[in-house]
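Peer 1: Questions regarding the structure given below will be posed in turn.
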Amino acid sequence: MIPDQNVIPWIGHENDWEELQANTAFFASSRGAPSDRSRVVKTQHEPNRSVGGLFKEPLEIPSVLEGMRPTLHPRLVNGRFGDPAVFVEALHRRNALLFDLGDLAPLSTRDLLRITHVFVSHTHMDHFIGFDRLLRVHVGREKEITIVGPVGIIGAVGHKLQAYTWDLVDRYATDLAFTVIEVLSAEKLDAVRFRLKARFAPEAAELPRWKKGPSIIWPDFQLGIAILEHHGVSLGFAVQEPIHVNIWRNRLDARGLSPGPWLQRLKRAIYADEPGDVPIDLPDGQTATLGDLRDLATVERGQKIAYVTDVADTHGNRTAIYTIAREADLFFVEASFSAADKAQATARAHLTTIAAGEIARAAAVRRVEPFHFSPRYAGEEARMLDEVDAAFRGDR
Ligand SMILES: [Zn+2]
Ligand SMILES: [Zn+2]
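Heads up, the sequence shown is in numbering that gives the first Met the number 0, so the first residue is 0 and it goes up one at a time.
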């Protein structure tokens, strides 16, 4: 389960934050104060919701998150009509995430080489055919890629890999490894590793830190997973960044404090929400309490991006999606059929535009990006978006 964002509860172990802290730059005082914690919480409920497509360029998702510095920049690889795939770049980080493995031809080799985590909803061909391209560009490179998917994903990846002949692997100096995490239930995960040097024979793998729900916890983000109903299982995902702690140089200057390693200790104390009377050593040898120093920093919640596709419109699915996508900054949701074609949507276990908009509204997301439109609506993108928008705003 993803924790409530109105509090700042998701505190990882200290080590998890080292890289994040290293990435946290000082703000120049001239840039003005970012929103503090209370303002960020407040803005979540302001009526600034929007549906993608109201913007000029629908495929480059603008980062419109007022009150925070967005670090995740997602884009639909094949637009709203093509194979599902959302590529997510992270500011200041070399790695990228990918939701679904539809056709990846539009991604450059450079983009593909940045991918470290792939989240696969299910293995219908339009969501999985891109695996081969991902594989191809990585052979001969030293790389670790983690793939998370539904029941059967280990076998599916294993079979893809075994379809090729790996008799020349000894010629490579580098190794390429896929760790595949299979979501068996809310309480059970399995993991297998496939390495080039081992000719992709399955090997035992360790799971990353995770908890029931399930949620998988990496240093840079947490992945919430919902097990949803399509024809078989389809997984819904939500990537949640940790909080950001920013130390303000002008506030340090105003108090005559110089920056230094002691700020790491201060940040850690804030991340961990330690009590106000905790002592912090200052650079001049003095000590101050955390409570005393707290106003040197501002805290912003991290971004949350949810991704749900290929799901039947059932009560159980809706409830599970509300939970996972709740208050997401961006919500990618399939809207395969128009409102008028509800019967087809039901028969094919997909959502209509109206259902997608209603779900987004109930989940209180800030912005919805509908996709996976059926090709039958080619040329009618505006109408499809209008239908989602109307339901999202509660106009119907
Ligand atoms: Zn599909
Ligand atoms: Zn499907």
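Every residue, glycine too, gets a C-beta built ideally from N, C-alpha and C.
What residue does the beta strand (DSSP E) around residue 334 start on, and which one ends it?
Peer 2: Locating residue 334 in the sequence shown gives position 335, where the first residue counts as 1. For residue 334, there is no enclosing beta strand (DSSP E), as DSSP marks it with neither H nor E.
Peer 1: Verify the contact flag: residue 99, CB atom, against every heavy atom of ligand 2, threshold strictly below 8 Å.
Peer 2: As a position in the sequence shown, residue 99 is number 100, starting the count at 1. For ligand 2, not one heavy atom lies less than 8 Å from the Cβ of residue 99.
Peer 1: Tell me whether residue 123 counts as near ligand 3, meaning its Cβ is closer than 8 Å to at least one heavy atom of that ligand.
Peer 2: This structure lacks ligand 3; the ligands present are ligand 1 and ligand 2.
Peer 1: From the DSSP output, which residues share a beta bridge with residue 222?
Peer 2: Residue numbering aside, residue 222 sits at position 223 when the sequence shown is read from its first letter. Residue 222 is bridged to 215, 238.
Peer 1: If you measure from the CB of residue 108, is any heavy atom of ligand 1 nearer than 8 Å?
Peer 2: Your numbering for residue 108 matches position 109 in the sequence shown. Every heavy atom of ligand 1 is 8 Å or more from the Cβ of residue 108, so no.
Peer 1: How far does the alpha helix (DSSP H) with residue 180 in it reach, from first residue to last?
Peer 2: Taking the first residue of the sequence shown as 1, we reach residue 180 at position 181. Element bounds for residue 180: not the alpha helix (DSSP H) but the beta strand (DSSP E), 175-184.
Peer 1: Say yes only if the C-beta of residue 326 is nearer than 8 Å to one or more non-hydrogen atoms of ligand 1, and no if none qualify.
Peer 2: Position 327 of the sequence shown, counting from 1, holds the residue named residue 326. For ligand 1, not one heavy atom lies less than 8 Å from the Cβ of residue 326.
Peer 1: Under the three-state reduction of DSSP, which class applies to residue 254: helix, strand or coil?
Peer 2: Sequence index remark: in the sequence shown, residue 254 carries index 255 (1-based). Residue 254: coil per DSSP, three-state reduction.
Peer 1: Going along the chain, which residues of its own chain have a beta-carbon closer than 6 Å to the beta-carbon of residue 159, five neighbours each way excluded?
Peer 2: Walking along the sequence shown from the start, residue 159 turns up at place 160. Within the same chain, residue 159 has close Cβ partners 130.
Peer 1: Here's the rule I'm using: 16 or more other beta-carbon atoms within 10 Å means buried, otherwise exposed. How should residue 124 be labelled?
Peer 2: Residue 124 sits at position 125 when you count from the first residue of the sequence shown. Exposed, since its Cβ has fewer than 16 Cβ neighbours within 10 Å.
Peer 1: Buried or exposed: where does residue 312 fall if 16 or more other Cβ atoms within 10 Å of its Cβ makes it buried?
Peer 2: On the sequence shown, residue 312 is found 313 positions in, with the first residue counted as 1. Result: buried.
Peer 1: Quick test of your reading: residue 157 and residue 201, contact by CB under 8 Å. State the CB separation rounded to the nearest angstrom.
Peer 2: Position 158 of the sequence shown, counted from the first residue, corresponds to residue 157. Position 202 of the sequence shown, counted from the first residue, corresponds to residue 201. About 6 Å; that satisfies the 8 Å criterion.
Peer 1: Along the chain, where does the beta strand (DSSP E) containing residue 194 start, and where does it finish?
Peer 2: Here residue 194 corresponds to residue number 195 of the sequence shown, with the count starting at 1. Residue 194 -> beta strand (DSSP E) spans 187-194.
Peer 1: For residue 264, which of 231, 296, 149, 209 has the nearest alpha-carbon?
Peer 2: What you label residue 264 is simply residue 265 of the sequence shown in a count that begins at 1. Residue 296 is the option with its Cα nearest to residue 264.
Peer 1: Do residue 322 and residue 225 have their beta-carbon atoms positioned less than 9 Å apart in this structure?
Peer 2: Counted from its first residue, the sequence shown places residue 225 at position 226. Counted from its first residue, the sequence shown places residue 322 at position 323. Yes, they are a contact pair.
Peer 1: Comparing the C-beta of residue 337 with each C-beta of chain D, is any distance below 9 Å?
Peer 2: No chain D is part of this structure, which consists of one protein chain only.
Peer 1: So, with DSSP's three-state summary, where would you put residue 306?
Peer 2: Here residue 306 is taken as the residue at index 307 of the sequence shown, counted from 1. The answer is strand: DSSP assigns residue 306 an E or B state.
Peer 1: Under 8 Å: does the beta carbon of residue 309 sit that close to some heavy atom of ligand 2?
Peer 2: Here residue 309 is taken as the residue at index 310 of the sequence shown, counted from 1. True, at least one ligand heavy atom lies under 8 Å from that Cβ.
Peer 1: Write down the C-beta distance between residue 307 and residue 352 rounded to the nearest angstrom, noting that I regard them as a contact closer than 8 Å.
Peer 2: On the sequence shown, residue 307 is found 308 positions in, with the first residue counted as 1. On the sequence shown, residue 352 is found 353 positions in, with the first residue counted as 1. Not confirmed; about 14 Å, so no contact.
Peer 1: With distances taken Cα to Cα, identify the nearest neighbour of residue 305 among 120, 104, 195.
Peer 2: Taking the sequence shown and counting its residues from 1, the one referred to as residue 305 is at position 306. Measuring from the Cα of residue 305, the nearest candidate turns out to be 120.
Peer 1: By the 10 Å Cβ neighbour count, where 16 or more other Cβ atoms means buried, how is residue 270 classified, buried or exposed?
Peer 2: Taking the first residue of the sequence shown as 1, we reach residue 270 at position 271. Buried: at least 16 other Cβ atoms inside 10 Å.
Peer 1: Is DSSP giving residue 356 helix, strand or coil here?
Peer 2: The residue you call residue 356 lines up with position 357 of the sequence shown. Three-state result, residue 356: helix.
Peer 1: Kindly indicate the opening and closing residues of the alpha helix (DSSP H) around residue 267.
Peer 2: As a working note, residue 267 is residue 268 in the sequence shown. It spans 261-270 - the alpha helix (DSSP H) in which residue 267 sits, taken as one unbroken run.
Peer 1: Would a C-beta distance cut-off of 9 Å place residue 365 and residue 329 closer than the cut-off?
Peer 2: Position 366 of the sequence shown, counting from 1, holds the residue named residue 365. Position 330 of the sequence shown, counting from 1, holds the residue named residue 329. Residue 365 is a Cβ neighbour of residue 329, given a cutoff of 9 Å.
Peer 1: Excluding the five sequence neighbours on either side, which residues of its own chain have a C-beta within less than 7 Å of the C-beta of residue 113, listed in chain order?
Peer 2: Looking up residue 113 in the sequence shown gives position 114. Cβ within range, chain order: 93, 94, 95.
Peer 1: Taking the CB atoms as reference points, tell me whether residue 314 and residue 349 lie closer together than 9 Å.
Peer 2: Within the sequence shown, numbered from 1, the residue matching residue 314 stands at position 315. Within the sequence shown, numbered from 1, the residue matching residue 349 stands at position 350. Result no, Cβ atoms of residue 314 and residue 349 do not sit closer than 9 Å.
Peer 1: Taking the Cβ atom as the reference point for each residue, do residue 83 and residue 309 lie within a distance shorter than 9 Å?
Peer 2: Taking the first residue of the sequence shown as position 1, residue 83 is located at position 84. Taking the first residue of the sequence shown as position 1, residue 309 is located at position 310. The beta carbons of residue 83 and residue 309 sit closer together than 9 Å.
Peer 1: If you drop the 5 nearest sequence neighbours on each side, which residues of the same chain put their C-beta closer than 6 Å to that of residue 274?
Peer 2: Here residue 274 corresponds to residue number 275 of the sequence shown, with the count starting at 1. So the list is empty, once near-sequence residues are dropped.
Peer 1: Just to check, is the beta-carbon of residue 126 closer than 8 Å to a non-hydrogen atom of ligand 1?
Peer 2: Within the sequence shown, the letter at position 127 stands for residue 126. Residue 126 Cβ: within cutoff of ligand 1.
Peer 1: Under three-state DSSP, which class holds residue 399?
Peer 2: Outside the displayed span of the chain (0 to 395) sits residue 399, for which this structure offers no information.
Peer 1: Give the DSSP-derived three-state secondary structure of residue 166 in the structure shown.
Peer 2: The residue given as residue 166 occupies position 167 in the sequence shown. It is coil, neither helix nor strand.
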